[in-house]
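Right, one structure below, let's go through it.
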Amino acid sequence: MNRRIPPLNGLRAFEAAARHLSFSKAAEELHVTPAAISQQVKVLEDYFEVQLFNRLTRALSLTEASNQILPKVTQAFDDLVEVDRVLRGREQENQLLVSVGPAFATKWLLPRLDSFRKFAPQFELRIDATDIVVDIERDNVDVAIRYGRGQYAGLESECLLNSRLVPVCSPALLKGDKPLLKPGDLVRHTLLHSSLDENEASEASWAMWLKAAGLNDIDPHKGPHFNLQSM
Numbered sequence: 019m020n021r022r023i024p025p026l027n028g029l030r031a032f033e034a035a036a037r038h039l040s041f042s043k044a045a046e047e048l049h050v051t052p053a054a055i056s057q058q059v060k061v062l063e064d065y066f067e068v069q070l071f072n073r074l075t076r077a078l079s080l081t082e083a084s085n086q087i088l089p090k091v092t093q094a095f096d097d098l099v100e101v102d103r104v105l106r107g108r109e110q111e112n113q114l115l116v117s118v119g120p121a122f123a124t125k126w127l128l129p130r131l132d133s134f135r136k137f138a139p140q141f142e143l144r145i146d147a148t149d150i151v152v153d154i155e156r157d158n159v160d161v162a163i164r165y166g167r168g169q170y171a172g173l174e175s176e177c178l179l180n181s182r183l184v185p186v187c188s189p190a191l192l193k194g195d196k197p198l199l200k201p202g203d204l205v206r207h208t209l210l211h212s213s214l215d216e217n218e219a220s221e222a223s224w225a226m227w228l229k230a231a232g233l234n235d236i237d238p239h240k241g242p243h244f245n246l247q248s249m
């Protein structure tokens, strides 16, 4: 029996892009460039002779064809993940896969790994540093550490610690032509933004801080945005 199988790389790119509704986020997940995702999706569209995405300004939406095939494609890849888990013995009790944000991993987790290994030497740790909200089942993750409210459907969450955030600046800005001496002086300066997840209601932002400070004449979104706090 000859099976006609669609291009697997194209299916993988399509499935990731359809879940995220973003070529960029799909590229991060698959460790390729957004252009590569777009190219693979185009190959699949040519193969099926059908449009799979509505390409909007800075957004994607699924076509009717995509909505029809996405559940089957997702299930197919879930089945392949299960095959990999079974054959590789991924359920070994001594393996512990921890998914954690890069900044938190570097500044907080890594300095404590030696203590953890002494406390629980039976575990073989695997650290996956990423800010993407992973699929626990799909990615075979045991523990995920994220900054947020902890409201993740179908998962049990526990607060590790609370954070206190304050705005900071270079000491050089305290003097000069536009000295930064009080909150209102920010109107003459550039705001730097750390944007881990703009849709996360608990994400710290200048909008939050300026509102608390009673400042309404400063644009809280202006200035460069960085997705890694280390930047």
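Going by the numbering used here, the sequence shown wraps up at 249, each residue one higher than the last.
Quick reminder that beta carbons are idealized off the backbone N, C-alpha and C, glycines included.
Here the structure is a predicted model, which is why all the values come from computation and not from measurement.
- Inside the segment 82-115, DSSP marks whole alpha helix (DSSP H) runs of 4 or more residues at positions 82-105, from first to last along the chain.
- Taking C-beta atoms as the reference points, leucine 80 and phenylalanine 32 fail to come closer than 7 Å.
- The Cβ atoms of alanine 231 and proline 201 sit closer than 7 Å to each other.
- Per DSSP, the continuous beta strand (DSSP E) segment holding phenylalanine 71 begins and ends at 71-74.
- In the structure shown, the three-state DSSP call for glutamate 46 is helix.
- Short of 7 Å from the beta carbon of leucine 115, and not among the five residues preceding or following it, lie these beta carbons of its own chain, in chain order: Arg144, Asp146, Asn158, Val159, Asp160.
- Sixteen is the threshold: when 16 or more other Cβ atoms of the shown chains lie within 10 Å of the Cβ of glutamine 58, as they do, the residue is buried.
- Its chain contains Val61, Leu62, Tyr65 as the residues whose beta carbon lies nearer than 7 Å to that of proline 25, once the 5 sequence neighbours on both sides are disregarded; these appear in chain order.
- Taken through DSSP and simplified to helix, strand or coil, aspartate 195 comes out as coil.
- By the CB criterion at 7 Å, glycine 241 and histidine 211 fall inside the cutoff.
- In this structure, the straight-line span from the alpha carbon of glutamate 155 to that of histidine 49 is close to 19 Å.
- The C-alpha of isoleucine 163 is placed about 21 Å away from the C-alpha of proline 139.
- In this structure leucine 204 touches isoleucine 236 by the C-beta definition: roughly 6 Å separates them, less than 8 Å.
- When the Cα atoms are used, glutamate 176 and valine 118 turn out to be separated by approximately 14 Å.
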